[in-house]
Amino acid sequence: MKTILLGVSGSISAYKSADIANQLVKLGYNVEVIMTQSSTEFITPLTLQSLSKNYVHTDVMQENFPDKINHIELAKKADLFLVAPATANIIGKLANGLADDLLTTVAMALKEEVPKLIAPAMNTYMYQNPVNQRNLNWLREVGYKEIDPREALLACGDFGKGALANIPDILDEVTQALHESKE
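This is the structure in C-alpha cells:
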C-alpha cells in the first residue's frame, strides 16, 4: 500500500483536506496527515484522523517513540508528498528551505525521488505576487509539481485565480505522479 503524506496548511480551503484524505483512503492509499498549527484553526486533527484512520501529526517536537525521530520516519514512509492547501506562507518556507514546523521539516527530509505536489490556495493577488511566483518557480525547478489553482469567487470576495484545485483534479495528479514514479 502506497503512503501519501498530506500536508495541510492554514487556508480557508483546509476543510477540503478532509475530502482529499477520505478520497485517497477510498482509493486504497495509506494517508498520513501533517497539519500546520494555523490549519488546526480551520479544521480539527480529529476530523482528519477519523478519515485517514491514522494519527494526525501537528507538532515537530512530539516524539512518540524514543528510538525514532518522527519527521525522519514520516519522510521515509512517503511514496508521495502532497500539500493541499498550500498557502503563500508554506510555499515560501518550502522554497527557502525553512524547517520550523513539522510539515516543513518533513519536506526537508524527503528523498529526492519522492514525488512532491503542491496545490496553492490563496487570494488572487497573493497568488500573483511576484515573490510567490518566484517561490513557485523555484519549487518547480527543484522537483515540485504545482496543481494549478482555479479561477473563482474567493472567500475574501475577490474573483480570480487562487481557489484550491478541484478535488478530482488533485486526485488525478496524485495518481499520475505515483504512476510516473514507478517507471
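Our numbering applies: residue 905 is where the sequence shown begins, and numbers increase by one. In this text, a Cβ means the ideal position worked out from N, Cα and C, and glycines have one as well. Source: prediction; values computed, not measured.
For residue i, the first and last residue of its enclosing beta strand (DSSP E)
i	result
E1055	R1054 to L1057
Cβ-Cβ separation, residue j to residue i (assumed contact under 8 Å), whole Å
i	j	result
I1071	L984	Not really, about 16 Å apart at Cβ, beyond 8 Å.
D1041	A992	The sequence given here has Asn at residue 1041, not Asp. With a Cβ gap of about 14 Å, N1041 and A992 do not count as contacting.
V935	N968	The pair is not a contact, with the Cβ atoms about 18 Å apart (cut-off 8 Å).
Classification of residue i by the beta-carbon crowding that lies within 10 angstroms, buried from 16 upward
i	result
S917	buried
L955	buried
M905	exposed
P1034	exposed
K1089	Residue 1089 is absent from the structure shown; the chain starts at 905 and stops at 1087.
V1046	exposed
H1083	exposed
L986	buried
K972	exposed
Short CB-CB distance (under 8 Å) between residue i and chain C
i	result
Y959	The structure shown contains no chain C, having only a single protein chain.
Spatial neighbours of residue i in its chain, beta-carbon cut-off 6 Å, leaving aside the 5 residues before and after
i	result
A1011	L998
T940	S913, G914, D1005 and L1007
Test item: CB-CB of residue i and residue j under 8 Å
i	j	result
A1056	A1069	no
T898	A988	Coverage of the chain is limited to positions 905 through 1087, which leaves residue 898 absent and any answer about it impossible.
8 Å CB neighbourhood of residue i in its chain, flanking five on each side removed
i	result
D1062	N1027, T1028 and Y1029
V929	V935, L955, S956 and K957
E1017	S1085
Contacting residues, own chain, Cβ-Cβ under 7 Å from residue i (five flanking each side not counted)
i	result
I1074	I924, A988, A1023 and I1051
Residue i: first and last residue of the uninterrupted alpha helix (DSSP H) it sits in
i	result
T944	Per DSSP, T944 belongs to no alpha helix (DSSP H) and is neither H nor E.
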